[in-house]
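*Asks:* Chains E and F, in that order, are what the protein sequence lines are.
Here the working numbering is used: the first residue of the first sequence is 1, the next is one more, and so on.
Here the working numbering is used: the first residue of the second sequence is 240, the next is one more, and so on.
Where is the CB? At the ideal position from N, CA and C, for every residue including glycine.
Number of protein chains: 2
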Amino acid sequence: MKIPKSHPRYVMLSTQQKLVRGVEKGITSLEGLMAHGRGESFDYLLGEKTHDFALKAIDAAARLLLKAKHPIISVNGNVLALVGKELIQLSKAIPAPLEVNIFHTSKKRESAMKKELLHLGASQVLMPSRQFTISGIDHNRKYVHKEGIYKADVVFVPLEDGDRCQALVKNKKKVITVDLNPKSRTSKTATITIVDNIVRCMVLLLVEIKRLKKKGPPYATMKYNNGMALLAAEKRLRS
Amino acid sequence: MKIPKSHPRYVMLSTQQKLVRGVEKGITSLEGLMAHGRGESFDYLLGEKTHDFALKAIDAAARLLLKAKHPIISVNGNVLALVGKELIQLSKAIPAPLEVNIFHTSKKRESAMKKELLHLGASQVLMPSRQFTISGIDHNRKYVHKEGIYKADVVFVPLEDGDRCQALVKNKKKVITVDLNPKSRTSKTATITIVDNIVRCMVLLLVEIKRLKKKGPPYATMKYNNGMALLAAEKRLRS
Numbered sequence: 001m002k003i004p005k006s007h008p009r010y011v012m013l014s015t016q017q018k019l020v021r022g023v024e025k026g027i028t029s030l031e032g033l034m035a036h037g038r039g040e041s042f043d044y045l046l047g048e049k050t051h052d053f054a055l056k057a058i059d060a061a062a063r064l065l066l067k068a069k070h071p072i073i074s075v076n077g078n079v080l081a082l083v084g085k086e087l088i089q090l091s092k093a094i095p096a097p098l099e100v101n102i103f104h105t106s107k108k109r110e111s112a113m114k115k116e117l118l119h120l121g122a123s124q125v126l127m128p129s130r131q132f133t134i135s136g137i138d139h140n141r142k143y144v145h146k147e148g149i150y151k152a153d154v155v156f157v158p159l160e161d162g163d164r165c166q167a168l169v170k171n172k173k174k175v176i177t178v179d180l181n182p183k184s185r186t187s188k189t190a191t192i193t194i195v196d197n198i199v200r201c202m203v204l205l206l207v208e209i210k211r212l213k214k215k216g217p218p219y220a221t222m223k224y225n226n227g228m229a230l231l232a233a234e235k236r237l238r239s
Numbered sequence: 240m241k242i243p244k245s246h247p248r249y250v251m252l253s254t255q256q257k258l259v260r261g262v263e264k265g266i267t268s269l270e271g272l273m274a275h276g277r278g279e280s281f282d283y284l285l286g287e288k289t290h291d292f293a294l295k296a297i298d299a300a301a302r303l304l305l306k307a308k309h310p311i312i313s314v315n316g317n318v319l320a321l322v323g324k325e326l327i328q329l330s331k332a333i334p335a336p337l338e339v340n341i342f343h344t345s346k347k348r349e350s351a352m353k354k355e356l357l358h359l360g361a362s363q364v365l366m367p368s369r370q371f372t373i374s375g376i377d378h379n380r381k382y383v384h385k386e387g388i389y390k391a392d393v394v395f396v397p398l399e400d401g402d403r404c405q406a407l408v409k410n411k412k413k414v415i416t417v418d419l420n421p422k423s424r425t426s427k428t429a430t431i432t433i434v435d436n437i438v439r440c441m442v443l444l445l446v447e448i449k450r451l452k453k454k455g456p457p458y459a460t461m462k463y464n465n466g467m468a469l470l471a472a473e474k475r476l477r478s
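(1) In whole angstroms, what is the alpha-carbon distance linking F/G466 and F/K427?
(2) Quick check: the region 181–200 of chain E against the region 240–253 of chain F, are at least 3 beta-carbon pairs closer than 8 Å?
(3) Going by Cα to Cα distance, which pick from E/G22, E/R21 and E/S29 is closest to F/E263?
(4) Using CA coordinates, which residue listed in F/I311, F/S374 and F/L294 is at the minimum distance from F/K223?
(5) Look at the alpha carbon of F/L258 and the alpha carbon of E/D138, and state the distance between them as a whole number of angstroms.
(6) Taking CB distances under 8 Å as the criterion, tell me whether E/S41 reaches chain F.
(7) Are the region 442–459 of chain F and the region 291–309 of chain F touching, with three or more C-beta to C-beta distances below 8 Å?
(8) With a Cβ-Cβ cutoff of 8 Å, do F/M366 and F/K353 count as a contact?
(9) Using a Cβ cut-off of 8 Å, pull out every chain F residue sitting near E/M34, in sequence order please.
(10) Report the rounded CA-to-CA distance for E/E110 versus E/K85, giving the unit in angstroms.
(11) Quick one: does F/V438 have its CB under 8 Å from some CB of chain E?
(12) So that I know if they touch, is there some Cβ in chain F lying closer than 8 Å to that of E/V157?
(13) Say whether the region 79–99 of chain E touches the region 202–218 of chain E, bearing in mind that this needs 3 or more beta-carbon pairs closer than 8 Å, one atom from each stretch.
(14) List the whole-angstrom C-beta distance separating E/A35 from E/N101, where the pair is believed to meet the contact cut-off of C-beta under 8 Å.
(15) Check whether chain F comes within 8 Å of E/V23, counting only Cβ atoms and requiring the distance to be less than that.
(16) Is there a Cβ of chain F sitting closer than 8 Å to that of E/L30, yes or no?
(17) So is E/R109 in contact with chain F if we call contact Cβ pairs under 8 Å?
(18) Look up E/S111 in the DSSP assignment and say whether it is helix, strand or coil.
(19) Closest to F/S253 by CA distance: which of F/L321, F/Q405 and F/A406 is it?
(20) Of the residues E/L80, E/E160 and E/V157, which one's Cα is nearest the Cα of E/G121?
(21) For F/N379, collect the residues of the same chain with a Cβ closer than 6 Å to its Cβ; drop the 5 residues on either side in sequence, then sort them by chain order.
(22) Identify every run of the alpha helix (DSSP H) within the region 304–350 of chain F, keeping only runs that are complete inside it and at least 4 residues long; order them along the chain.
(23) Assuming F/E386 and F/T425 are in contact, meaning their beta carbons sit under 8 Å apart, how far apart are those beta carbons, in whole angstroms?
(24) Along chain E, which residues have their Cβ under 9 Å away from the Cβ of F/R477?
(25) If F/Y463 and F/K295 are in contact, beta carbons under 8 Å, what's the gap, nearest whole angstrom?
(26) For E/L117 and E/Y44, I'd like the C-alpha separation in whole angstroms.
(27) Grab me the residues of F/A406's own chain with a C-beta within less than 8 Å of its C-beta, minus the 5 sequence neighbours each way, in chain order.
(28) Taking the alpha carbon of E/P182 as the point to measure from, which residue in E/I3, E/E99, E/K214 and E/G162 has its own alpha carbon closest?
Structure follows, in structure tokens:
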């Protein structure tokens, strides 16, 4: 079904369609669809726009990614379905490799994701290996790639789950996430939480990275307090 | 995957599993999964419990259903996957027929739903007919059954969409809905909105109907103001 651009819910409906296509392609899980719905409600309560607290987080995230020694982009089924092209652009702009890492175990889905990333123009896709693990996680997400998440100092991992975010931080990695729920464990544990819809903020993150790169290094670190950003987001959510 | 009852998110996860099974059985749509996720967030913000405003709505709804001349229960793919057995019990307790009515057109899904309802013990399932329509709706949901929604004075239609709820009310029907978003168009348009998780409130509605029936008619109408109930729900949501 083609949604007319004039439809008052065009963005929401076309975003949903991307996820339905993701399921059809075998890259998005059914649980991922429900997780997306949860995000939709928070976005609705936040007025479906990018707020100041998110803009600050995006700025801090861009700098952290550019200053990282070994940055990595962790990709799951929802992120790939929603912002696949932007992931490739981000990977090339930073530069940082892309690594497939999904919650609901499925070799088939991991392969479909790799295929999709390559199809979208990724030059290299890192896959989880059984030889390298992140301690403190007891499910599929603990398996990582030696040259990717395993050795990374900064992990960009949007739409993350709480367990893994905690484990990555405990393993001394800086974690940048995107999460519309400012009260989630992921939001509270991450180094930088962008409380925004990933479809909106990925574009803004790309713009910011390109702007900073044009000026060139050294990249000054932003004064940024994640707890304050989350409080501002919660206040907006409840208002 | 069997979820242990000791899991802190047992109810949420087993509810999700029912919907995933619903998709596998061909009765729940992928869009339905996202809609469920939206509900989860509102439930989370409401503390995942049944509040006073919902109890009052349940009481008023039970009386309205028992006093109706031609009550009907409208069933969609999410409702059937989540509370199939309770729907049959409700149908027998009132008594009121069950009518299949879905948003995303699919004859195949309608048939799968009918089959599932009969399998769960429904004695009769009304299906939409092309001869009878509800005016003011321009999609699949307008088609109704002559002996069901078409002639009903009271429609119990949980997890409804805004367009249809408005159309039913414009057609002089009293509408009882279940919706976790107190600000939705459905919530605002319905005669009685139960702002609660359907998995919790269906059980309570059944208990209330059985309690009232034990005493027998006449059933006094409850003093109930839907706008006030929605305001109370929104206040709780934002607190």
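*Replies:* If we stick to the structure as given:
(1) What you label residue 466 of chain F is simply residue 227 of the second sequence in a count that begins at 1. What you label residue 427 of chain F is simply residue 188 of the second sequence in a count that begins at 1. If I take the Cα positions, the gap works out to 7 Å.
(2) no
(3) In the second sequence, the residue the question calls residue 263 of chain F occupies position 24. Ranking the options by Cα distance to F/E263, first place goes to E/S29.
(4) Any question about residue 223 of chain F goes unanswered here, given that chain F covers just 240 to 478.
(5) Here residue 258 of chain F is taken as the residue at index 19 of the second sequence, counted from 1. Here residue 138 of chain E is taken as the residue at index 138 of the first sequence, counted from 1. Distance between the alpha carbons of F/L258 and E/D138: 26 Å.
(6) Here residue 41 of chain E is taken as the residue at index 41 of the first sequence, counted from 1. E/S41 counts as touching chain F.
(7) yes
(8) Counting from one through the second sequence, the residue named residue 366 of chain F turns up at place 127. Counting from one through the second sequence, the residue named residue 353 of chain F turns up at place 114. Result yes, Cβ atoms of F/M366 and F/K353 sit closer than 8 Å.
(9) Position 34 of the first sequence, counted from the start, is the residue given in the question as residue 34 of chain E. What E/M34 touches in chain F: Q255, L258, L272, M273, H275, G276 and E279.
(10) Numbered from its first residue, the first sequence carries residue 110 of chain E at position 110. Numbered from its first residue, the first sequence carries residue 85 of chain E at position 85. Approximately 18 Å between the Cα atoms of the pair.
(11) Along the second sequence, one-based indexing puts residue 438 of chain F at 199. Output row for F/V438: interface = no.
(12) Indexing the first sequence from 1 puts residue 157 of chain E at position 157. Chain F, which has no Cβ nearer than 8 Å to the Cβ of E/V157, makes this no.
(13) yes
(14) For this step, residue 35 of chain E is matched to residue 35 along the first sequence. For this step, residue 101 of chain E is matched to residue 101 along the first sequence. Incorrect: roughly 15 Å between the Cβ atoms, too far for contact.
(15) Within the first sequence, residue 23 of chain E is the residue found at index 23, counting from 1. Cβ-Cβ to chain F under 8 Å: yes for E/V23.
(16) Within the first sequence, residue 30 of chain E is the residue found at index 30, counting from 1. It does; some Cβ of chain F falls within 8 Å.
(17) Here residue 109 of chain E corresponds to residue number 109 of the first sequence, with the count starting at 1. Closer than 8 Å: no.
(18) On the first sequence, residue 111 of chain E is found 111 positions in, with the first residue counted as 1. Note: E/S111 maps to helix in three-state DSSP.
(19) The residue given as residue 253 of chain F occupies position 14 in the second sequence. Of the candidates F/L321, F/Q405 and F/A406, the one whose C-alpha sits nearest the C-alpha of F/S253 is F/L321.
(20) For the purposes of this step, residue 121 of chain E is identified with residue 121 of the first sequence, where counting begins at 1. Of the listed residues, the one whose Cα sits closest to E/G121 is E/L80.
(21) The count along the second sequence starts at 1 and reaches residue 379 of chain F at position 140. If we look at F/N379 and ignore the five residues flanking it on each side, its Cβ neighbours are T344.
(22) 316–332
(23) Mapped onto the second sequence, residue 386 of chain F falls at position 147. Mapped onto the second sequence, residue 425 of chain F falls at position 186. About 25 Å; that fails the 8 Å criterion.
(24) For the purposes of this step, residue 477 of chain F is taken as residue 238 along the second sequence, with counting starting at 1. Per Cβ cutoff of 9 Å: L45, L237, R238 and S239.
(25) In the second sequence, residue 463 of chain F corresponds to position 224, counting from 1. In the second sequence, residue 295 of chain F corresponds to position 56, counting from 1. With a Cβ gap of about 6 Å, F/Y463 and F/K295 count as contacting.
(26) Counting from 1 along the first sequence, the entry for residue 117 of chain E is found at position 117. Counting from 1 along the first sequence, the entry for residue 44 of chain E is found at position 44. Each residue's alpha carbon lies about 30 Å from the other.
(27) If you number the second sequence from 1, residue 406 of chain F lands on position 167. So the qualifying residues of the chain are I373, S374, G375, I376 and K381.
(28) Residue numbering aside, residue 182 of chain E sits at position 182 when the first sequence is read from its first letter. Looking at the Cα atoms, E/G162 is the closest of the given residues.
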